[in-house]
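Protein chains: 2
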Amino acid sequence: MRDIKVDLSMGGGGKRMDQLIDLIGKSIRIHNEEEDIVGPLQMDDGAVITLPDKTKNIVLTTDSHTVDPIFFQGGNIGDLVIAGTVNDLTMMGAIPKYLTIGMIIEEGFLLEDLVKICKTIGEKARLAEVRIIAGDTKVMPKGTISNIVINSTGLGIITRNPIQDSNAKVGDKIIITGEIGNHGASLIALREGMEFSTSLASDVKALWPELKDITINNSVHCMKDPTRGGLAAALTEIATKSNICIEIDELLLPFNPQAVPITDILGLDILEISCEGRAIIIVDSKHTFRILEQLQVIDKAACVIGTVIEEPKNKVIMKTEIGGTRILDKPYGEPIPRVC
Amino acid sequence: MRDIKVDLSMGGGGKRMDQLIDLIGKSIRIHNEEEDIVGPLQMDDGAVITLPDKTKNIVLTTDSHTVDPIFFQGGNIGDLVIAGTVNDLTMMGAIPKYLTIGMIIEEGFLLEDLVKICKTIGEKARLAEVRIIAGDTKVMPKGTISNIVINSTGLGIITRNPIQDSNAKVGDKIIITGEIGNHGASLIALREGMEFSTSLASDVKALWPELKDITINNSVHCMKDPTRGGLAAALTEIATKSNICIEIDELLLPFNPQAVPITDILGLDILEISCEGRAIIIVDSKHTFRILEQLQVIDKAACVIGTVIEEPKNKVIMKTEIGGTRILDKPYGEPIPRVC
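Top line first, the protein sequences correspond to chains A and B.
When we follow the working numbering, the leftmost residue of the first sequence carries the number 61, and every step to the right adds one.
When we follow the working numbering, the leftmost residue of the second sequence carries the number 61, and every step to the right adds one.
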């Protein structure tokens, strides 16, 4: 290992990140224990633990937000702080309750911008029905951190079986709650100076309480928000953990007409581009229509994109527009750094 | 507020940091609710919340670690990650249970160093009887973050009345569990190139389980670890929140003979220098001897340094070696940046 260095590809939600996380986990010697309903070794969106009195389970999840730029079309880092953590709790089937906020601020950062971000955090926390109950603030000398990085850790209460990535069943339908890749695409448009040629905005939003009725319904088998690594990474994770095949149809995928040209021009695959306000929901097929109807009230773009089939196991297959098939996979490295 | 910038003094555990935190809290509109035993407005070491079923209270606390250098005499950033969070839980009277770890790594960071840090995190977590149950990893481009920053958020279970900063009573004795300022002094020695002239090491350590017997004992009225801002800041915080006066005696303070000259030469006040493995314990005077005896088994330097008196309220008074008195206060700004 001597002289091997961490590179950007290890932060991108792809295979290289899995390798890095594996090394970190083994070095720490993380392990599951009997009290774990979903232990750290499951690498799900959060850990689910039985409290000593056995009456209540809690979910813990953590996220650090390093987005650049911190203000973007459709939101700012404060939106990500709330959405990232609330969505991870929601994806586990939990009721999001409390958040802690750890801010690391660069010397010279404008107080005015800090106030804007904090107001967003407060406002979006109230909308998501969570409360900030503890915090930490550090200031680092100029040039040792870029602008501001914010960690948010969330605690949720869980009263149903946790919704796990490993629970997709053959015959289930795969739903996406809205357009794919808008967060990442709008962010790179801004970074590459293309923001004036597009009105595309990030999709960042907390999915709680809008998914409340759906997550408490046990007909939901899996839920995952396609963040770093996009739809391709999230579906691959589910296929692998559930030991099934996911078959999706390219013609069914909902894209924003402004997002695709942005990723195309930069040689990126929109299926690997991050959303910050969408969920993949995998449901028992007999409930598909009812759930879809509920989702379309929130977002007209919600739709069924595919089905869980038996073979080939652990794979995601996409029927392409031109009638071929393509295997989707986790990206190897980092399509876009500092996207969340 | 236009054009006012965050400066380093706002990260130092002093009055300027209080102002910054106040602004952040008001912008977020943090507030207490009925379920809070110790709410966020108390600004204690952690928040204590009643879970919905009322049978169990939990404590949440968060800390980001930005220490520079990351390897130092007596430990590395991994020791701080565990000690910082475990100690905050311990200071509330909680049983530390679970930690989340959020790592933000600079591109180019040596994997070998990352593994060393993770091994320390794992080993120190096991010693402190806590388990890492969730994590997050981000990689930032070279030059946008210095080395590595790690957030740790902790959850503890609490079965006694929380130990609050506001609970010091007139007549109580003030105990310190070991030498003062070793962490900060050893770190600046290293930064200033004085490490070869000293064998001083950081005092960083998790105070759980070694304080277990003492924290579950209700004769403890207050507990606080003197981290950023040192003994002066921690005692001032207790005096203000408890609305009493703390009187300490300089002759009783335990210093490492190597620490004082280091801070003196740099014009720093050792009373404002951070410890990372010490606690101030304020106890009912009739239990002083018994508790001190227990503490001295762990560290011979543990001693009584003063008494809680009535007046002048909200002040910390020190009887000096030469027979005078001096009012201690929170430092205004940042004596040493990136100390934890």
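Glycine included, every Cβ here is placed at the ideal spot set by N, Cα and C.
In angstroms with no decimal places, state the Cα-to-Cα distance between G144 of chain A and I340 of chain B. If you number the first sequence from 1, residue 144 of chain A lands on position 84. If you number the second sequence from 1, residue 340 of chain B lands on position 280. Taking the straight line joining both Cα atoms gives about 37 Å.
State the DSSP-derived secondary structure class of G143 of chain B, mapped to helix, strand or coil. The sequence position of residue 143 of chain B within the second sequence is 83, counting from 1. The sequence shown places Ala at residue 143 of chain B, not Gly. A143 of chain B falls in the helix class under three-state DSSP.
Which of helix, strand or coil DSSP assigns to R386 of chain A: Looking up residue 386 of chain A in the first sequence gives position 326. In this structure, R386 of chain A counts as strand in the three-state DSSP scheme.
Between V376 of chain A and I235 of chain A, is the Cβ-Cβ spacing less than 8 Å? To locate residue 376 of chain A, count along the first sequence from 1; it is residue 316. To locate residue 235 of chain A, count along the first sequence from 1; it is residue 175. Using a Cβ distance threshold of 8 Å, V376 of chain A and I235 of chain A do not count as a contacting pair.
I'd like to know whether the C-beta atoms of V66 of chain B and E167 of chain A end up nearer to each other than 8 Å. The sequence position of residue 66 of chain B within the second sequence is 6, counting from 1. The sequence position of residue 167 of chain A within the first sequence is 107, counting from 1. Contact flag set, yes.
Tell me the DSSP secondary structure of S124 of chain B in three-state form. To locate residue 124 of chain B, count along the second sequence from 1; it is residue 64. Looking at S124 of chain B - three-state DSSP - the assignment turns out to be strand.
For P372 of chain B, which option in B:S212, B:S279, B:S302 has the closest C-alpha, if you only look at C-alpha atoms? As a working mapping, residue 372 of chain B is identified with position 312 in the second sequence. Of B:S212, B:S279, B:S302, the residue nearest in Cα terms is B:S302.
Taking V357 of chain B as part of the alpha helix (DSSP H), name the residues at either end of that continuous run. Position 297 of the second sequence holds residue 357 of chain B. V357 of chain B -> alpha helix (DSSP H) spans 348-358.
Enumerate in chain order the residues of its own chain whose CB-to-CB distance from E95 of chain B is below 7 Å, with the five nearest sequence positions on each side excluded. Mapped onto the second sequence, residue 95 of chain B falls at position 35. The residues are I109, T110.
Alpha carbons only, please: which of B:I97, B:I369, B:K265 is nearest the one belonging to N136 of chain B? Taking the second sequence and counting its residues from 1, one reaches residue 136 of chain B at position 76. Closest option to N136 of chain B, Cα to Cα, is B:K265.
Kindly indicate which three-state DSSP category S345 of chain B falls into: helix, strand or coil? Position 285 of the second sequence, counting from 1, holds the residue named residue 345 of chain B. It is helical.
At the 8 Å Cβ level, is G162 of chain B part of the contact set with chain A, yes or no? Reading the second sequence from its first residue, position 102 is the one you call residue 162 of chain B. Yes, G162 of chain B lies at the interface with chain A (some Cβ there is under 8 Å from its Cβ).
In the structure shown, what three-state DSSP assignment does F169 of chain A receive? Looking up residue 169 of chain A in the first sequence gives position 109. Of the three classes helix, strand and coil, the one that applies to F169 of chain A here is coil, per DSSP.
Name the chain A residues whose beta carbon is nearer than 8 Å to that of E93 of chain B? Indexing the second sequence from 1 puts residue 93 of chain B at position 33. Residues of chain A passing the Cβ test: R191.
So what does D96 of chain B bridge to, in DSSP terms? The sequence position of residue 96 of chain B within the second sequence is 36, counting from 1. In the DSSP output, where bridge partners are listed per residue, D96 of chain B has B:I109.
So the beta strand (DSSP E) S212 of chain B belongs to, where does it begin and stop? Position 152 of the second sequence, counting from 1, holds the residue named residue 212 of chain B. For S212 of chain B, the uninterrupted beta strand (DSSP E) segment begins and ends at 208-218.
Whose Cβ in chain A lies nearer than 7 Å to the Cβ of T150 of chain B? Position 90 of the second sequence, counted from the start, is the residue given in the question as residue 150 of chain B. Going along chain A, no residue has its Cβ under 7 Å from T150 of chain B, so there is no contact; the nearest lies around 15 Å.
Of the residues B:T213, B:I177, B:C282, B:I193, which one's Cα is nearest the Cα of N221 of chain B? Here residue 221 of chain B refers to the residue found at position 161 when the second sequence is read from its first residue. It is B:C282 whose Cα lies nearest to the Cα of N221 of chain B.
Give the DSSP bridge partners of R338 of chain B, in chain order. Translated into the one-based positions of the second sequence, residue 338 of chain B becomes position 278. According to DSSP, R338 of chain B bridges with nothing at all.
Euclidean distance between Cα positions of I333 of chain B and G203 of chain B: Position 273 of the second sequence, counted from the first residue, corresponds to residue 333 of chain B. Position 143 of the second sequence, counted from the first residue, corresponds to residue 203 of chain B. Using only the alpha carbons, I get a separation of about 29 Å.
Distance CB(A292 of chain A)-CB(L326 of chain A) smaller than 8 Å: Stepping through the first sequence from its first residue, residue 292 of chain A is reached at position 232. Stepping through the first sequence from its first residue, residue 326 of chain A is reached at position 266. Not closer than 8 Å, so no.
With a cut-off of 8 Å, does the C-beta of F315 of chain A fall near any C-beta of chain D? Absence of chain D from the displayed structure is noted, the protein chains being A and B.
Would you kindly work out how many angstroms separate the C-alpha atoms of L247 of chain A and I130 of chain A, rounded to a whole number? For the purposes of this step, residue 247 of chain A is taken as the residue at position 187 of the first sequence. For the purposes of this step, residue 130 of chain A is taken as the residue at position 70 of the first sequence. When rounded, the distance between both Cα atoms is 10 Å.
Counting only beta-carbon separations shorter than 8 Å, does R251 of chain B have a partner in chain A? As a first step, residue 251 of chain B is located in the second sequence; it is residue number 191 there, counting from the start. Answer no: the Cβ-Cβ gap between R251 of chain B and chain A never drops below 8 Å.
Residue of A:I205, A:S345, A:D123, A:D329 minimising C-alpha distance to V368 of chain A: Position 308 of the first sequence, counting from 1, holds the residue named residue 368 of chain A. For the residues A:I205, A:S345, A:D123, A:D329, the minimum Cα distance to V368 of chain A belongs to A:S345.
Beta carbon of V98 of chain A nearer than 8 Å to that of V399 of chain A: Within the first sequence, numbered from 1, the residue matching residue 98 of chain A stands at position 38. Within the first sequence, numbered from 1, the residue matching residue 399 of chain A stands at position 339. For V98 of chain A and V399 of chain A, no; Cβs fall outside 8 Å.
Leaving aside the five residues before and after D273 of chain A along the sequence, list all residues of the same chain whose C-beta is less than 8 Å from its C-beta, in chain order. On the first sequence, residue 273 of chain A is found 213 positions in, with the first residue counted as 1. Hits under 8 Å: Q354.
G253 of chain B lies in the beta strand (DSSP E); which residues open and close that run? Along the second sequence, read from residue 1 onward, the residue named residue 253 of chain B stands at position 193. Premise fails: G253 of chain B is in no beta strand (DSSP E) and is neither H nor E.
Look up R76 of chain B in the DSSP assignment and say whether it is helix, strand or coil. Within the second sequence, numbered from 1, the residue matching residue 76 of chain B stands at position 16. Correct three-state label for R76 of chain B: helix.
Proximity of I118 of chain B and I217 of chain B at Cβ, strictly below 8 Å: Mapped onto the second sequence, residue 118 of chain B falls at position 58. Mapped onto the second sequence, residue 217 of chain B falls at position 157. It is a contact, given that the beta carbons lie within the stated cut-off.
By Cβ distance below 6 Å, which residues in the same chain neighbour Q318 of chain A in space, the five residues on each side in sequence not counted? Taking the first sequence and counting its residues from 1, one reaches residue 318 of chain A at position 258. Excluding five sequence positions before and after Q318 of chain A, the CB atoms of its chain that fall closer than 6 Å to its own CB belong to T258, L260, given in chain order.
Quick check on the burial criterion: 16 or more other C-beta atoms within 10 angstroms. Buried or exposed for R76 of chain B? Residue numbering aside, residue 76 of chain B sits at position 16 when the second sequence is read from its first letter. Buried: at least 16 other Cβ atoms inside 10 Å.
For V364 of chain A: DSSP bridge partner residues: Here the question's residue 364 of chain A lines up with position 304 in the first sequence. Note: V364 of chain A sits in a beta bridge opposite A:I235.
Taking only beta-carbon positions, decide if K175 of chain B is within less than 8 Å of chain A. Along the second sequence, one-based indexing puts residue 175 of chain B at 115. It should be pointed out that residue 175 of chain B corresponds to Val in this sequence rather than to Lys. Yes, its Cβ sits closer than 8 Å to a Cβ of chain A.
Measure from the C-beta of N415 of chain A to each C-beta in chain B and report whether the shortest distance is under 8 Å. As shown, chain A starts at 61 and ends at 400. That puts residue 415 of chain A outside it, with no answer to give.
Does I90 of chain A come out as helix, strand or coil in the three-state DSSP assignment? If you number the first sequence from 1, residue 90 of chain A lands on position 30. Note: I90 of chain A maps to coil in three-state DSSP.
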